[in-house]
């Protein structure tokens, strides 16, 4: 095994730490992180491809891709999607609150039942 060269300004522990930092910056060459990185990259590529397929237009062959209002239409679409996402989030929050209240109500009924059984027993 080759010996680690001594640096003038770094201790051996610092050299090892710097080496680990350098190796951590290259996740594709390291075996321990390769599978997780590949899964993450594959998921990202799949999402981007799915988004591109959603936005493709059927009439692109007709030469209508370079319209002057393309930027404005895209901005409107982005705004509509943002509004839709906000509404979905509000609906989820409402659902979560309702489920939480239902859980609390069932817990209180269960505790009342246990108290009743404890008094009878």
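Numbering (the working numbering), first residue to last: 281 to 401. Ideal placement from N, C-alpha and C gives every residue a C-beta, glycine not left out.
**Message:** Quick check: the Cα distance between residue 320 and residue 329, rounded to an integer number of angstroms?
**Reply:** When rounded, the distance between both Cα atoms is 14 Å.
**Reduced DSSP secondary structure (H/G/I, E/B, other) of residue 289** = The answer is coil: DSSP assigns residue 289 none of H, G, I, E or B.
**Item:** Reduced DSSP secondary structure (H/G/I, E/B, other) of residue 351
**Value:** DSSP, reduced to helix, strand and coil, places residue 351 within a helical segment of the structure shown.
**Message:** Tell me the rounded alpha-carbon separation between residue 354 and residue 293.
**Reply:** Distance between the alpha carbons of residue 354 and residue 293: 53 Å.
**Asked** Between the C-alpha atoms of residue 339 and residue 316, what's the straight-line distance to the nearest angstrom?
**Response** Low confidence applies to residue 339: its pLDDT is 48, below 50, so where it sits in the model is not reliable enough to give any reading.
**Asked** Excluding five sequence neighbours on each side, which residues of the same chain lie with their C-beta closer than 8 Å to the C-beta of residue 394?
**Response** Cβ within range, chain order: n/a, list empty.
**Message:** Between residue 298 and residue 290, how many whole angstroms is the CB-CB distance? I'm expecting something under 8 Å.
**Reply:** At roughly 7 Å, the Cβ-Cβ gap stays under 8 Å, so residue 298 and residue 290 are in contact.
**Request:** Verify the contact flag: residue 393, CB atom, against every heavy atom of the ligand PLP, threshold strictly below 6 Å.
**Result:** This structure lacks the ligand PLP, and indeed carries no ligand of any kind.
**Prompt:** Expressed to the nearest angstrom, what Euclidean distance is found between the alpha-carbon atoms of residue 379 and residue 385?
**Reply:** If you take the alpha carbons of residue 379 and residue 385, they lie about 10 Å apart.
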